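K.L.:
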Amino acid sequence: MKRAQGDRIFWLFAFFSSLSVIIMFTLLFYELLANSLPIWSRGIDFITGMVWNPLKGLFGALPFIYGTLVTASLAILLSAFLGVGIAIFLSEIVSGGIRDTISSIIELVAAIPSVIIGLWGIFVLAPFVRDSLQPLLQHLSFIPLFSGRTLSGLSMLTAILILTFMVTPIVAAIAKDALLMVPEDLKEALYSLGATRYEVIRNVCIPYARQGIFGGVILGYGRALGETMAVTMVIGNTPAISASLLNPGYTMAAVIANEFTEATGDVYLSALIGIALLLLLISLAVNLVGRMIVWKWQQES
Amino acid sequence: MRSQVKKASIAIFVGLALLFAGCAGSGGGKEKVTITGAGATFPYPLIAKWADEYGKITGGNVSINYQSIGSGGGIRQITAKTVDFGASDAPMKPEEFEKAKGILHIPETIGAVVIAYNLPIEGRLKLSGEVLADIYLGKITRWNDKRIAELNPDIELPDHEIIVVKRADGSGTTFIFTDYLSSVSKEWEEKIGRGKVFSFPQAIGSRGVQAKGNEGVTAVIKQNPYSIGYIELAYALQNSVSFALLKNRAGNFVDANVETVAAAAASAANKLPKGDESWYGVSIVNADGENAYPIASFSYLLVYKDLSYMQEKKAKALVEFLKWVVTDGQKYAEALHYVPLPEEVVKRNLETISMIKW
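If you read the sequences in order, they're chains Y and H.
Here the first sequence stands for residues 1 to 301, where the numbers follow my numbering.
Here the second sequence stands for residues 1001 to 1358, where the numbers follow my numbering.
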């Protein structure tokens, strides 16, 4: 009798915990929507507007959407390569003590608070971009991506580098775990047929672990989209859309963090909350697309 | 056996919880009063010091709890009466004053905004309001522009672009700065105006940088030669950043220090409104006075004239605290790089405080 009761209590606890998460999310969504209504009455101008000038009552969210998507996407591109590379190194090339040590260091880096990384960005990375990286990239200035310039080192490129630094450990850790789960006998089979290490990794390990690796990439992308402090300290905080990565930019999370406390007036506040809602929707969309891809892979296998 | 141990441990746990709850509740003989406040980040170090000292003076009976959530937040909270006093770097706008009927403005301290720069020059840079406005409008783009050179005849100015730094986040510092530029430049007032945030004009282009917080602007200036920016006096002093001598209304180039900033406040003292009137438009930038520093501003405490909505004990404690803040409390200001209120303003404040009823 007691054991059945205990079971029931546990079931109720698990059920209500899950329910509470769903309720919290729904409430969050509702609050964001309700408090941003004034800005939605301006219609599509809010999302497509390119000018953000609160003093003149102009609220266009496009520069922030652009900044968020560009910095996060380019950062995850770099992080995916680096992260999977590190994961392959840790799972296939080294073993035992070296693997554990490097894994621990990577996990430590993932745990560094973003404010500290932001400080490092202002004092080390930004001057580096300004003095060392920028002169190199100016040779490539015929490509629009590198055509601008930054006099202070605060730019979208710096933000991308800092996001890469923060997201790579996440991708690396999750991809490493996924790769370690590849059954030994599958690999042995291919090795016995005379395959090189690269061929084994490419034909067995990655395909087998691709769901896990992809999950890590999506998680990293989510982090990159929402990262606030480190980005706002190095991106230059200028609400403008420019093709060049060397120009400053602005992200949705950064503008909310910067302007929310002093925002006065219903429209201004609702504009910032509207940006928060857009960020939430973009994160949801990314996760949804990720899930669909993973689901498709499951169907294939 | 197991169920007995379980029952016993539950009993002990509950007993301990009650014991701690009881202790937290009463605590000695005299009942304590907690006064809550919220608002501007600028005066936070000073208010924290006041809270500490006043707690000692009252033997721990009155404790002040201040949250520095920003002037906007402070105004929102006091309007909703969720805190006992608010703090703001800028006076309430007319719409805000309408919503907070019966609010009193009490200047608690004076802040100054200095123009910091990073230049490889000998001696201190001199600037005037018009030149500063034109730098921020993007009309003056290089350091050796003749308009800057004619203010600094003995300095060899470098031929380099000016990196213009401003705040990305909404702040009272930006408000004071734009208030000053609006009062010395018609073009600035029309094109940009006064605000806690503003956007760089197109002409600034890639020379413009926006940083977060006074700390951010200070860091960017220190990292980047040929940059110019505006920060609170305290930050400049604490981080040994060079700042410019500014030409005041009387035509003198003044430094920013306790005397010059207090002079700015003193000259405006007799033009201040009554405590219960709207203080919108009160500004001590570009003040008269031979020695007045041109970019200064009050920071305000906001409290209601009619405290009958509060417990009588708390209302009395609040009024006593406010009286102490504007008189004895001022002696803690200088050590923290704030400027104490001049006599005339203290008198005006005491009049305002005497209006409070409970």
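Think of the CB as a built atom: it goes at the ideal place given N, C-alpha and C, for glycine as much as any other residue.
Note that the structure is a prediction, hence the values are computed from the model and not measured.
Taking only three categories from DSSP, how would you classify residue 1243 of chain H?
P.N.:
Three-state DSSP puts residue 1243 of chain H in a strand.
K.L.:
Name the chain H residues whose beta carbon is nearer than 8 Å to that of residue 123 of chain Y?
P.N.:
Result: 1219, 1223.
K.L.:
Does the region 247 to 262 of chain Y come close enough to the region 152 to 159 of chain Y that 3 or more CB-CB pairs lie under 8 Å?
P.N.:
They touch, by the three-pair rule.
K.L.:
Measure the C-alpha to C-alpha separation of residue 283 of chain Y and residue 225 of chain Y and round it to an integer number of angstroms.
P.N.:
So the two alpha carbons sit approximately 7 Å from each other.
K.L.:
For chain Y, is any of its Cβ atoms less than 9 Å away from the one on residue 1319 of chain H?
P.N.:
No, its Cβ sits nowhere closer than 9 Å to a Cβ of chain Y.
K.L.:
For the beta strand (DSSP E) that contains residue 1034 of chain H, what are its first and last residues?
P.N.:
Taken as a continuous stretch (DSSP letters only), the beta strand (DSSP E) holding residue 1034 of chain H covers 1033 to 1039.
K.L.:
With a threshold of 8 Å on Cβ separation, who are the neighbours of residue 1302 of chain H within its own chain once the five nearest residues in sequence on each side are excluded?
P.N.:
Answer for residue 1302 of chain H: 1039, 1074, 1075, 1078, 1085, 1086, 1087, 1088, 1092, 1100, 1103, 1104, 1105, 1106, listed in chain order.
K.L.:
For the alpha helix (DSSP H) that contains residue 1166 of chain H, what are its first and last residues?
P.N.:
Per DSSP, residue 1166 of chain H belongs to no alpha helix (DSSP H); it is in the beta strand (DSSP E), 1163 to 1167.
K.L.:
So, for residue 1333 of chain H: in the same chain, excluding its five sequence neighbours on each side, which residues have a beta-carbon less than 7 Å away from its beta-carbon?
P.N.:
The answer, listed in chain order, is 1046, 1109, 1339, 1340.
K.L.:
Using only the alpha-carbon positions, how far apart do residue 229 of chain Y and residue 1257 of chain H sit?
P.N.:
Each residue's alpha carbon lies about 33 Å from the other.
K.L.:
Could you check where the beta strand (DSSP E) with residue 1211 of chain H kicks off and where it finishes?
P.N.:
First-last of the beta strand (DSSP E) with residue 1211 of chain H: 1208 to 1211.
K.L.:
At a CB-CB cut-off below 8 Å, which residues of chain Y make contact with residue 1179 of chain H?
P.N.:
In chain order: nothing, as chain Y lies at least about 13 Å away.
K.L.:
Can you pull the chain Y neighbours of residue 1111 of chain H, defined as C-beta to C-beta under 8 Å?
P.N.:
By Cβ distance, chain Y contributes nothing, its closest Cβ being about 16 Å from residue 1111 of chain H, past 8 Å.
K.L.:
Short of 8 Å Cβ to Cβ, which residues in the region 142 to 156 of chain Y face chain H?
P.N.:
Residues 148, 149, 150, 151, 152, 153, 154.
K.L.:
Specify, as a first and last residue, the run of the alpha helix (DSSP H) that residue 232 of chain Y falls within.
P.N.:
Here the alpha helix (DSSP H) through residue 232 of chain Y covers 229 to 234.
K.L.:
Within 9 Å (strictly less), CB to CB, does residue 53 of chain Y reach chain H?
P.N.:
Residue 53 of chain Y counts as touching chain H.
K.L.:
For residue 88 of chain Y, count neighbouring Cβ atoms within 10 angstroms of its own Cβ and tell me buried if that reaches 16, exposed if not.
P.N.:
Buried, because 16 or more other Cβ atoms sit within 10 Å of the Cβ of residue 88 of chain Y.
K.L.:
Classify residue 211 of chain Y as helix, strand or coil using the three-state DSSP reduction.
P.N.:
Here residue 211 of chain Y sits in helix by DSSP.
K.L.:
DSSP state of residue 1063 of chain H, grouped into three classes?
P.N.:
If DSSP states are grouped into helix, strand and coil, residue 1063 of chain H belongs with the strands.
K.L.:
Counting only C-beta atoms, is residue 237 of chain Y closer than 9 Å to chain B at any point?
P.N.:
The structure shown has no chain B; the protein chains it does contain are Y and H.
K.L.:
Could you check the C-alpha separation between residue 43 of chain Y and residue 1122 of chain H for me, to the nearest Å?
P.N.:
Between residue 43 of chain Y and residue 1122 of chain H, the C-alpha separation is close to 55 Å.
K.L.:
Return no unless some Cβ of chain Y is closer than 9 Å to the Cβ of residue 1171 of chain H.
P.N.:
Chain Y, which has a Cβ nearer than 9 Å to the Cβ of residue 1171 of chain H, makes this yes.
K.L.:
Alpha carbons only, please: which of Y:33, Y:244, Y:75 is nearest the one belonging to residue 134 of chain Y?
P.N.:
Considering only alpha carbons, the answer is Y:244.
K.L.:
I need the straight-line Cα distance from residue 1291 of chain H to residue 1161 of chain H, nearest angstrom please.
P.N.:
Approximately 32 Å between the Cα atoms of the pair.
K.L.:
If you check the beta carbons only, do residue 269 of chain Y and residue 35 of chain Y fall under 9 Å apart?
P.N.:
In this structure, residue 35 of chain Y lies closer than 9 Å to residue 269 of chain Y by Cβ.
K.L.:
So, under 8 Å CB-CB, residue 1264 of chain H and residue 1296 of chain H are touching, yes? Tell me the CB distance rounded to an integer number of Å.
P.N.:
About 4 Å; that satisfies the 8 Å criterion.
K.L.:
When you compare the CB of residue 254 of chain Y with every CB in chain H, is at least one pair closer than 9 Å?
P.N.:
Yes, its Cβ sits closer than 9 Å to a Cβ of chain H.
K.L.:
Can you have a look at residue 1025 of chain H and say buried or exposed, based on whether 16 or more other CB atoms are within 10 angstroms of its CB?
P.N.:
Because the pLDDT at residue 1025 of chain H is just 49, under 50, the model does not fix this residue reliably, and the value given afterwards should be weighed accordingly. Exposed.
K.L.:
Taking the C-alpha atoms as reference points, what is the distance between residue 1155 of chain H and residue 1126 of chain H?
P.N.:
For residue 1155 of chain H and residue 1126 of chain H, the distance between alpha carbons rounds to 10 Å.
K.L.:
Please determine if the region 202 to 211 of chain Y and the region 95 to 108 of chain Y are in contact, where contact requires at least 3 C-beta pairs separated by less than 8 Å.
P.N.:
Not touching, per the Cβ criterion.
K.L.:
Where does residue 1358 of chain H sit, in a helix, a strand or coil, going by DSSP?
P.N.:
Residue 1358 of chain H falls in the coil class under three-state DSSP.
K.L.:
Classify residue 1207 of chain H as buried or exposed, calling it buried when 16 or more other Cβ atoms lie within 10 Å of its own Cβ.
P.N.:
That one is buried.
K.L.:
Is the separation between the beta-carbon of residue 1180 of chain H and that of residue 1129 of chain H shorter than 9 Å?
P.N.:
Contact: yes.
K.L.:
Please report how far the alpha carbon of residue 1437 of chain H lies from the alpha carbon of residue 1205 of chain H, in whole angstroms.
P.N.:
Outside the shown range of chain H (1001 to 1358) lies residue 1437 of chain H, about which nothing can therefore be said.
K.L.:
Inspect the CB distances between the region 1271 to 1286 of chain H and the region 1319 to 1333 of chain H and report whether three or more fall short of 8 Å.
P.N.:
In short, these stretches do not touch, since the Cβ pair count stays below three.
K.L.:
Check distances from the C-beta atoms of the region 125 to 140 of chain Y to those of chain H and list, in chain order, the residues that come in under 9 Å.
P.N.:
Cβ contacts with chain H: 126, 127, 130.
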